[in-house]
Amino acid sequence: MRTDPTDTGGLFTGRRPGTAPVRYRTTPQRGSSQRQRVDGFLALLVAGVMALINLLFWGPAPAAALWVAAHISDDGRNIFLAIVAGFALCLAVLMGGLVVLKRLDALWILLRRAAGHDQRKGIVGPMFAVCAVVGGVGFTIWLVFIAGLGSSAMPASG
Amino acid sequence: MGLRDYYKQFEEESPEETSARLRAQAEARRRSALARVETLDLSTLAWPHLPPAAVVNAVTFVARRGLHRPPDPAAGELRSEIAHRVGVPERRVVVGNGAAQLLTAAAGALLEPGDELVTAWPSYPLFPLLASRTGARAVPAPGFGVETVLRAVGERTRVVALANPNDPTGEWLDEGRLAELLEALPERVVVLLDEALVEYAPRAATALVDRFPRLIAVRTFSKAWGLAGLRVGYAVGGPDSEPLLERLAPPGGVNELAQAGALEALRAIADVVDRRVAQVAAERQRLTGELERLGVAVAPSAANLLWISASGVDGAELASRLERSKVLVASGGRFGDDAHVRVAVQDRAAGDRLLDALSAVL
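Residue numbers (our numbering), protein chains in the order written: chain A, 1 to 158; chain B, 1001 to 1362.
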């Protein structure tokens, strides 16, 4: 069975998908080595910001949504509105965060290229996955070992 | 460069931009290809277009069947087909590697150092070479007439070489005039009749071969048949010419691909050749009229060529000017006449290119 997309039986030469060189509009003029080092540091900084935003989705953002929802519930009288508002806020933060992440990812690519790297793809995907694992594990630890699984509204018996 | 511009330069093209750029490049290449004018080669008399598929298929079939086998050295099947078509016994036909090889072999067999070869002049440049290669002497007879040739025949004349129709002038001797010549020639003289362009002439001199044993007619598949790449031709001799014809055959015979192509051509594309001949005749008539309107002198022609001259311009200069207009013609110098050029007659499109180029350069 043919598994290599470039294996055409020797009839044509091809390139593996995703390995195309970067096509610039004009050949970029890189700055001095010092500037490239600065760009490398800035890229690291942007990656750090991206990681922070990603981690927001796994704790601070839901907590903030719950905090807002708790204020809306007004001692249990507007539960439905509070739930809707909490979910809406959660989704809004997630979507807005992703938009920001995408832009930061584009900026990160430019900074990496300016720093002298042949950067072809961004890191938003892998970073989201890694932060999901880190955030998910952190949330589980907090839930199970720190906050406990019991509900304050309906405490466990005994 | 501002900070924003500095980082913007590291942005890559979007797929749409890449597509648009590649489309623009392809369009530019296409425009350039359309604007390029291919050189039109009217310097050769070989048919300019691809051979019919039937002939190519026959050659391919033989090639795939097995080139490891030696060919039939006597080209029996091809000879048989030719003999049937010409109307002579098979033993009076010999197949060779083109007309030039047969003519060269005939000269080698007939001429000895000190002999003379008489030829009309201007004519096929190979004829004087046939004499010089054998140590004989070429005697050019000016013009293309029976009388001039007869006047040039001397005591040592052994061969008269004639192209009929004559290349490059296109003149043609009919059977009556040829018979006149053959009757008047001494017994010892053999006539080598090069009929490379005979398909374009009103008639072939085949019937004379039976009447005059000292006549050898040589033909080729390179011109009207359009198979110049195969290098195959044949010679037909008169009664009792078999010993001479055997000496014309190339050692080892003609290659099998050439035999197969020529055989298939005889069997399958005779009607195609007839259409080519009719096309050339019509185009030759049209071109003659148009050229005369341009003030160009055109000799009457019975072949796929026109022998032309322009006043005030010699042949080499005219050929050079036409070449600059991307039209190649044969300068008359190589045929023995500096004042003329020989142009091949092909089709209407080629004729129009020639007329346009001549209008521009004269």
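Backbone N, C-alpha and C fix where the C-beta goes; we use that ideal spot for every residue, glycine too. Just so we're clear, the structure is a prediction, and the values are computed from it rather than from any experiment.
Against chain B, does residue i count as a neighbour if the rule is that its beta carbon must be under 8 Å from one of theirs?
i	result
residue 25(A)	yes
residue 104(A)	no
residue 100(A)	no
residue 130(A)	no
residue 114(A)	yes
residue 110(A)	yes
residue 124(A)	no
residue 22(A)	yes
residue 19(A)	no
How far does the alpha helix (DSSP H) with residue i in it extend, from its first residue to its last?
i	result
residue 141(A)	124-141
residue 1104(B)	1099-1110
residue 47(A)	33-56
residue 60(A)	60-73
residue 1082(B)	1076-1086
residue 1261(B)	1256-1268
residue 1146(B)	1146-1152
residue 1006(B)	1003-1008
residue 1116(B)	Taken as a continuous stretch (DSSP letters only), residue 1116(B) belongs to no alpha helix (DSSP H), being part of the beta strand (DSSP E) at 1116-1121.
residue 1064(B)	1053-1065
residue 1315(B)	1315-1324
residue 1035(B)	1015-1035
What first and last residue would you give for the beta strand (DSSP E) that runs through residue i?
i	result
residue 108(A)	Premise fails: residue 108(A) lies in the alpha helix (DSSP H), 79-114, not in any beta strand (DSSP E).
residue 1194(B)	1190-1194
residue 1137(B)	1137-1142
residue 1161(B)	1157-1163
residue 1309(B)	1305-1310
residue 1217(B)	1215-1220
Can you tell me which of the options puts its alpha carbon nearest to the alpha carbon of residue i?
i	options	result
residue 1344(B)	1035(B), 1044(B), 1018(B)	1044(B)
residue 1118(B)	1262(B), 1086(B), 1157(B)	1157(B)
residue 1439(B)	1305(B), 1336(B), 1304(B), 1298(B)	The requested residue 1439(B) is not part of the displayed model; chain B covers only 1001 to 1362.
residue 43(A)	117(A), 148(A), 129(A)	117(A)
residue 1104(B)	1074(B), 1355(B), 1132(B)	1132(B)
residue 1083(B)	1234(B), 1259(B), 1330(B), 1279(B)	1234(B)
residue 1281(B)	1094(B), 1306(B), 1046(B)	1306(B)
residue 1065(B)	1244(B), 1112(B), 1257(B), 1054(B)	1257(B)
residue 1174(B)	1190(B), 1195(B), 1185(B)	1195(B)
residue 1159(B)	1093(B), 1178(B), 1189(B), 1167(B)	1189(B)
residue 1225(B)	1341(B), 1005(B), 1054(B)	1054(B)
residue 1232(B)	1085(B), 1097(B), 1059(B), 1069(B)	1097(B)
residue 27(A)	1277(B), 1019(B), 1007(B), 1181(B)	1007(B)
residue 187(A)	40(A), 29(A), 19(A), 81(A)	Absent from the structure is residue 187(A), since the part of chain A shown begins at 1 and ends at 158.
residue 127(A)	31(A), 49(A), 30(A)	49(A)
residue 1052(B)	1311(B), 1110(B), 1273(B)	1273(B)
residue 1057(B)	1263(B), 1291(B), 1290(B)	1263(B)
residue 1297(B)	1110(B), 1161(B), 1288(B)	1288(B)
Using the Cα positions of residue i and residue j, report the straight-line distance between them to the nearest angstrom.
i	j	result
residue 101(A)	residue 1026(B)	38 Å
residue 99(A)	residue 23(A)	25 Å
residue 1015(B)	residue 1021(B)	10 Å
residue 1120(B)	residue 1032(B)	48 Å
residue 45(A)	residue 52(A)	11 Å
residue 143(A)	residue 1010(B)	45 Å
residue 1354(B)	residue 1067(B)	43 Å
residue 1320(B)	residue 1261(B)	36 Å
residue 1191(B)	residue 1216(B)	6 Å
residue 1155(B)	residue 1040(B)	46 Å
residue 1126(B)	residue 1144(B)	16 Å
residue 1209(B)	residue 1090(B)	14 Å
residue 74(A)	residue 149(A)	24 Å
residue 1308(B)	residue 1358(B)	11 Å
residue 1284(B)	residue 1166(B)	16 Å
residue 1061(B)	residue 1255(B)	14 Å
residue 1092(B)	residue 1230(B)	22 Å
residue 1313(B)	residue 1129(B)	29 Å
residue 158(A)	residue 55(A)	Here residue 158(A) scores only 42 on pLDDT, less than 50, and its place in the model should not be relied on; the value that follows carries that caveat. Those two C-alpha atoms are separated by around 36 Å.
residue 1106(B)	residue 1248(B)	6 Å
residue 36(A)	residue 106(A)	17 Å
residue 1184(B)	residue 1338(B)	32 Å
residue 1328(B)	residue 1352(B)	14 Å
residue 1301(B)	residue 1268(B)	28 Å
residue 1237(B)	residue 1213(B)	7 Å
residue 67(A)	residue 115(A)	42 Å
Does the CB of residue i have a neighbour CB from chain C at under 8 Å?
i	result
residue 1168(B)	Protein chains in the displayed structure are A and B, and chain C is not among them.
Let me check you understand the geometry: is the CB of residue i closer than 7 Å to at least one non-hydrogen atom of the ligand MN?
i	result
residue 1131(B)	You won't find the ligand MN in this model; it holds no ligand whatsoever.
Closer than 9 Å, Cβ to any Cβ of chain A: which residues of the region 1007-1022 of chain B, in chain order? 1007, 1008, 1009, 1010, 1011, 1012, 1013, 1017, 1018, 1021
For the region 26-56 of chain A, enumerate the residues whose C-beta is nearer than 8 Å to any C-beta of chain B, in chain order. Going along the region 26-56 of chain A in chain order, one finds 26, 28, 29, 31 with a Cβ nearer than 8 Å to chain B.
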